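Visitor: Note that the numbering used here has the sequence shown beginning at 18, numbered continuously upward.
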Amino acid sequence: MDQRKRIAIYGGTFDPVHSGHLEVARSVSQLFAIDEFLFVPARVAPHKQDAQVSSAIARYAMLALGTQGDPKLCISTFELEGQATQYTVDTLRHFRAQFEEFADLFFVMGADSWTEITSWRDWETVLSLVNHIVVTRPGYSFSAEHVGPELAARVADVRGMSGTGVSELIEPGRPKIFVTDAAMCEVSATAVRRAARENRLDDLSRLTTPAVAEYITKYRLYRNTNEQ
Ligand code: ATP
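Take a look at the structure:
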């Protein structure tokens, strides 16, 4: 019998995709032996509805440029093509229905998202539908107190562990919340937008990829944002 596949799902605004996202994707793929790593850009993330977000087409184009050349990194347009804002709980139900028979699913998020998880729609269901991988991020420490003892008991702290050790902890049908320090990267989309606004082209290439930086410069994205 074929081995079950492992598919990672990485939700976010990706405005734009940056080196931190790509480092997370590559390190997590390696540590968890992920077969397919899916970026799932949000139509507009529910918690960012008031902020000015680039068009779905621009965010998709930058994701395509940022992931080109890496066959494992793919983009799903599921949330972008929906009629309304999709919530993570709906997205995970969709991917479960599509893949669950032959794949284990892993939803990936940064430590900042984890601290806010209890504000997500149906967050307890979100945490129960699939495995989760919480990736450390500078400035955020990990705690599971806010999710309560039952869910906290499903946390598997794999910081410092090898791929073999991690694989032994993955059990089909028994989703866990993995915490990993496989990536520890300071970059944020906010920093990319700031570099674009201030026309710091070298920083822009380093914070994203040269192709994404070129797209941002060519279409003059983020020039007029007035965020700090
Ligand atoms: P912004 O600066 O606009 O808040 P962001 O850099 O957090 O954006 P998002 O697209 O909002 O980027 O993030 C999508 C997902 O990636 C979230 O789960 C977020 O926590 C995670 N993430 C983003 N940057 C990093 C990073 N450097 N390390 C680990 N996780 C990250």
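Glycine included, each C-beta is placed from N, C-alpha and C at the ideal position. Quantities reported herein were computed from a predicted structural model and do not represent experimental measurements.
Compute the Euclidean distance between the alpha carbons of R21 and E215, then round it to the nearest angstrom.
Guide: Within the sequence shown, the letter at position 4 stands for residue 21. Within the sequence shown, the letter at position 198 stands for residue 215. If you take the alpha carbons of R21 and E215, they lie about 47 Å apart.
Visitor: According to DSSP, is H35 helix, strand or coil?
Guide: For the purposes of this step, residue 35 is taken as the residue at position 18 of the sequence shown. Coil at H35, not helix or strand.
Visitor: Could you tell me which uninterrupted beta strand (DSSP E) segments, each at least 3 residues in length, are contained entirely in the region 183-245, listed from first to last along the chain?
Guide: Complete beta strand (DSSP E) runs here, min 3: 194-197.
Visitor: Suppose you measure from the CA of A142 to the CA of F124; what does that come to, to the nearest Å?
Guide: Within the sequence shown, residue 142 is the residue found at index 125, counting from 1. Within the sequence shown, residue 124 is the residue found at index 107, counting from 1. Per the sequence presented here, residue 142 reads as Thr, with Ala not at that position. When rounded, the distance between both Cα atoms is 13 Å.
Visitor: Give the single residue among E118, E40 and T105 whose Cα lies nearest to the Cα of D87.
Guide: Stepping through the sequence shown from its first residue, residue 87 is reached at position 70. Out of E118, E40 and T105, E40 has the C-alpha closest to the C-alpha of D87.
Visitor: Around the Cβ of R76, are there at least 16 other Cβ atoms within 10 angstroms (buried) or fewer (exposed)?
Guide: Counting from 1 along the sequence shown, the entry for residue 76 is found at position 59. It counts as buried.
Visitor: Quick test of the definition: if touching needs 3 or more C-beta pairs under 8 Å, does the region 195-203 touch the region 221-233?
Guide: Contact between the region 195-203 and the region 221-233 is absent, because fewer than three Cβ pairs lie under 8 Å.
Visitor: Can you list the beta strand (DSSP E) stretches of 3 or more residues lying completely in the region 73-130, in chain order?
Guide: Runs found: 90-92 and 120-127.
Visitor: Kindly list the residues whose CB is nearer than 7 Å to the CB of L48, restricted to its own chain and excluding five residues on each side of it in sequence; keep chain order.
Guide: Numbered from its first residue, the sequence shown carries residue 48 at position 31. Result list for L48: G180, V183, T197 and A199, in chain order.
Visitor: What separation, rounded to the nearest whole angstrom, lies between the Cα atoms of L146 and T153?
Guide: Residue numbering aside, residue 146 sits at position 129 when the sequence shown is read from its first letter. Residue numbering aside, residue 153 sits at position 136 when the sequence shown is read from its first letter. Spanning the two alpha carbons is a distance of roughly 22 Å.
Visitor: Please name the residue, chosen from E53, G127, T132 and V61, that lies closest to A120 on a Cα-to-Cα basis.
Guide: Reading the sequence shown from its first residue, position 103 is the one you call residue 120. Considering only alpha carbons, the answer is E53.
Visitor: Give me the residue from D219, I187, G156 and S158 with the minimum Cα distance to R171.
Guide: In the sequence shown, the residue the question calls residue 171 occupies position 154. Closest option to R171, Cα to Cα, is I187.
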